[in-house]
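This report refers to the structure that appears directly beneath it.
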Amino acid sequence: MNAPRDPAVTTPPRARWLTRHWLPVTGLGAVALAVVLGALIAARTDGPLAVDTAWLGLLNQNRSVAGDVVADTLAVLGGGIVASLLIPGAIIVALLLVRRRWGAAYVLIATVLAGASVQILKQLLGRDRPMNVLTTLDYGSFPSGHVANAAVVATVLALLVPRVWVWVVGGVYTILMMLSRTYLGAHWLSDAVGAVLLAVGVALLVWTPLAARIEGERALSAGQPAVWHTFWARHAGLVVHHDHDADARRRLVRTAVTVASLGATVCVALLVSVLGSTGLTIMDVPAQNLVLSWRSAELTGIMIALAIVFGPVVLPIIVLVVAVGWGITSRHAWRPALLVAGMAFGVVLGQVVGRAVDRQRPPVDLMLFGADASFSFPSGHVLGAADFALITTYLVLSRRPSRRGTVIGSAVAALGIVLAALSRVYLGYHWVTDVLTSVALALIVLGCVIIVDVWWGARSEPGAPGASEAIPAVGHEPDADRA
1 MNAPRDPAVT TPPRARWLTR HWLPVTGLGA VALAVVLGAL IAARTDGPLA
51 VDTAWLGLLN QNRSVAGDVV ADTLAVLGGG IVASLLIPGA IIVALLLVRR
101 RWGAAYVLIA TVLAGASVQI LKQLLGRDRP MNVLTTLDYG SFPSGHVANA
151 AVVATVLALL VPRVWVWVVG GVYTILMMLS RTYLGAHWLS DAVGAVLLAV
201 GVALLVWTPL AARIEGERAL SAGQPAVWHT FWARHAGLVV HHDHDADARR
251 RLVRTAVTVA SLGATVCVAL LVSVLGSTGL TIMDVPAQNL VLSWRSAELT
301 GIMIALAIVF GPVVLPIIVL VVAVGWGITS RHAWRPALLV AGMAFGVVLG
351 QVVGRAVDRQ RPPVDLMLFG ADASFSFPSG HVLGAADFAL ITTYLVLSRR
401 PSRRGTVIGS AVAALGIVLA ALSRVYLGYH WVTDVLTSVA LALIVLGCVI
451 IVDVWWGARS EPGAPGASEA IPAVGHEPDA DRA
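Here is the structure:
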């Protein structure tokens, strides 16, 4: 008789008991403690907690070059696209490769909900950050997003891989992240503690309804070979390549070169103007004054919402959800991988240009969503939004030969980019030339993605379409591959 294949059937009794008793109470209690701690801090009228000021003072007295390097490195690992997209994405891929789909779903849900919970508390409580800050910040001090990211990763890995060394490494990583955020002056100690409580609580609450299947799945996968052992033999469809005919390739290459050249030309013109404070920068102040004249309470709320959606926390989560969902539902990884790679390339490109130019932002008193002392040129929010809109639109529409769909998709992408650009100028964080440069850089990224899609994606692999199955034109993909 064959062994049972349903994860729920093979679930160990311990997992069932944990699901029904200990973990739900623990998770709910941790989340409640985090919320209560934040509420008590927000209700205080006599400044930070004594332990917060004492801890911050101790760290300020012991700063060093080595400490700065370690803290800055942890700041990169714990925030932005690395913590919101790359780390959870790598964990999800690893779990899928060892046939643990329920575990991968758990990581995705826990990461998204923990990040959303952090942002909700930040907006509701609006706690002021410490004054002596050594890094760039977003709005709200409680709870720490970096620490929450570290804690949720440590918790999900400890639950999915119940080994002592996983618990130790996860705990050390979380503690180091807590130290780094307070060392940099980005958070109070209570912010870090609240983040740990919130992230651990959310991870436990998400685990509760899934524990039986996850534990059973782990027991089943232990006796099976990993996916990569038989990947090409059994799952060649996960990587879908498309052989375009010669005319289609030439058209796509011309499109890519045209788009990238346009972006590079505009980017160079704007860069020269910004470096010399002449030329196109003449429109910065008049355009800013025009947009600022539109300010109202209702419109400000909308613009802040857009800033959150296109920000360094929510947008990577959106990309992660889209890429994973796209890959699972369509059973291929090529276009989702291109989307993630294009977004990552855009982040690197924006960071390189921004740090090289190091342009100052508009005056702080114009900023409506918290002070930001980082570089202004280009806008990271607009670059991320434009990359996501343009790359996704291309990857979808290049396989769908519908003129109406092309018009609608292009219009939606353009609208999203315009809204992202308007929000950054309206909220007082960028000049018009900053957001225009972001769009120009996104065109360069799009051109690179098209080139990679045409030349690398067209290479035949085992199980991929052969030359006889070449696609005559963009959009003429067989129905079976249009997902």
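Residue numbers for the sequence shown follow UniProt numbering, beginning at 1 and rising by one. Backbone N, C-alpha and C fix where the C-beta goes; we use that ideal spot for every residue, glycine too. Just so we're clear, the structure is a prediction, and the values are computed from it rather than from any experiment.
Residue i burial status per 10 Å Cβ neighbour count (16 or more: buried)
i, result
"T437", "buried"
"S423", "buried"
"D46", "exposed"
"A114", "buried"
"E298", "exposed"
"L40", "exposed"
"P88", "buried"
"L160", "buried"
"W207", "buried"
"W456", "exposed"
"W294", "exposed"
"V69", "exposed"
"W228", "Its pLDDT being 45, under 50, W228 is placed unreliably in this model, and the value from its coordinates should be taken loosely. The residue in question, W228, is exposed, as its Cβ has fewer than 16 Cβ neighbours within 10 Å."
"F231", "Because the pLDDT at F231 is just 46, under 50, the model does not fix this residue reliably, and the value given afterwards should be weighed accordingly. By the 10 Å Cβ count, F231 comes out exposed."
"L210", "buried"
"I417", "buried"
"G57", "exposed"
"L204", "buried"
"A66", "exposed"
"R181", "buried"
"V257", "exposed"
"I120", "exposed"
"G311", "buried"
"P143", "buried"
"R254", "exposed"
"G29", "exposed"
"T111", "buried"
"residue 493", "With the chain represented from 1 up to 483, any question about residue 493 goes unanswered, as that position is not in the structure."
"A43", "exposed"
"R399", "buried"
"L37", "buried"
"V31", "buried"
Beta-carbon proximity of residue i to residue j, cut-off 7 angstroms
i, j, result
"D434", "P363", "no"
"I81", "P316", "yes"
"V425", "V291", "yes"
"I391", "V449", "yes"
"residue 510", "G428", "Any property of residue 510 remains undetermined from this structure, which presents the chain solely from 1 to 483."
"A248", "I444", "no"
"G78", "A195", "no"
"Y183", "L59", "yes"
"A158", "V166", "yes"
"I109", "V324", "no"
"G126", "G140", "yes"
"G276", "G27", "no"
"L33", "L197", "yes"
"H454", "L220", "Inspection of the sequence shows that residue 454 is occupied by Val rather than by His. No, Cβ-Cβ distance for V454 and L220 is not below 7 angstroms."
"L96", "A104", "yes"
"V432", "M283", "yes"
"T281", "S273", "yes"
"L368", "T300", "yes"
"R213", "W102", "yes"
"E215", "R100", "no"
"A413", "T393", "yes"
"C327", "A333", "With the sequence shown as reference, residue 327 is identified as Gly, and Cys is not the correct amino acid for it. Cβ atoms of G327 and A333: closer than 7 angstroms."
For residue j and residue i, believed in contact at Cβ under 8 angstroms, the rounded distance
i, j, result
"R359", "S376", "5 angstroms"
"A71", "V118", "Not confirmed; about 20 angstroms, so no contact."
"L339", "V319", "7 angstroms"
"L395", "T406", "Rounded, the Cβ-Cβ distance is 13 angstroms, inconsistent with contact."
"V107", "V156", "5 angstroms"
"L441", "G263", "7 angstroms"
"L306", "A420", "6 angstroms"
"G171", "A154", "6 angstroms"
For the pair the stretch 39-54 and the stretch 185-199, tell me if three or more CB-CB distances fall below 8 angstroms. Look at the beta carbons and you see the stretch 39-54 touching the stretch 185-199: at least three pairs across the two are nearer than 8 angstroms.
Secondary structure, alpha helix (DSSP H): runs of 4+ residues fully inside the stretch 134-187: Those alpha helix (DSSP H) runs which fall completely within the stretch 134-187 and span 4+ residues are 145-160, 164-183.
With contact counted as at least three CB pairs below 8 angstroms, one residue from each stretch, are the stretch 161-180 and the stretch 122-132 in contact? Note that the stretch 161-180 does not touch the stretch 122-132; fewer than 3 beta-carbon pairs, one per stretch, sit closer than 8 angstroms.
Runs of alpha helix (DSSP H) lying entirely within the stretch 279-367, each at least 4 residues, in chain order: Listed in chain order, the alpha helix (DSSP H) runs fully inside the stretch 279-367 are 284-292, 297-309, 314-330, 334-357, counting runs of at least 4 residues.
Unbroken stretches of the alpha helix (DSSP H), 4 residues or longer, contained in the stretch 38-75: Within the stretch 38-75, the complete alpha helix (DSSP H) runs of at least 4 residues are 50-60.
Counting only runs of 4+ residues fully inside the stretch 366-439, write out the alpha helix (DSSP H) ranges in chain order. Entirely contained in the stretch 366-439, the alpha helix (DSSP H) runs reaching 4 residues are, in chain order, 380-397, 403-426.
Jot down the residue ranges of each uninterrupted alpha helix (DSSP H) in the stretch 78-124, minimum 4 residues, whole runs only, in chain order. Within the stretch 78-124, the runs of alpha helix (DSSP H) at least 4 residues long that lie entirely inside it are, in chain order, 87-97.
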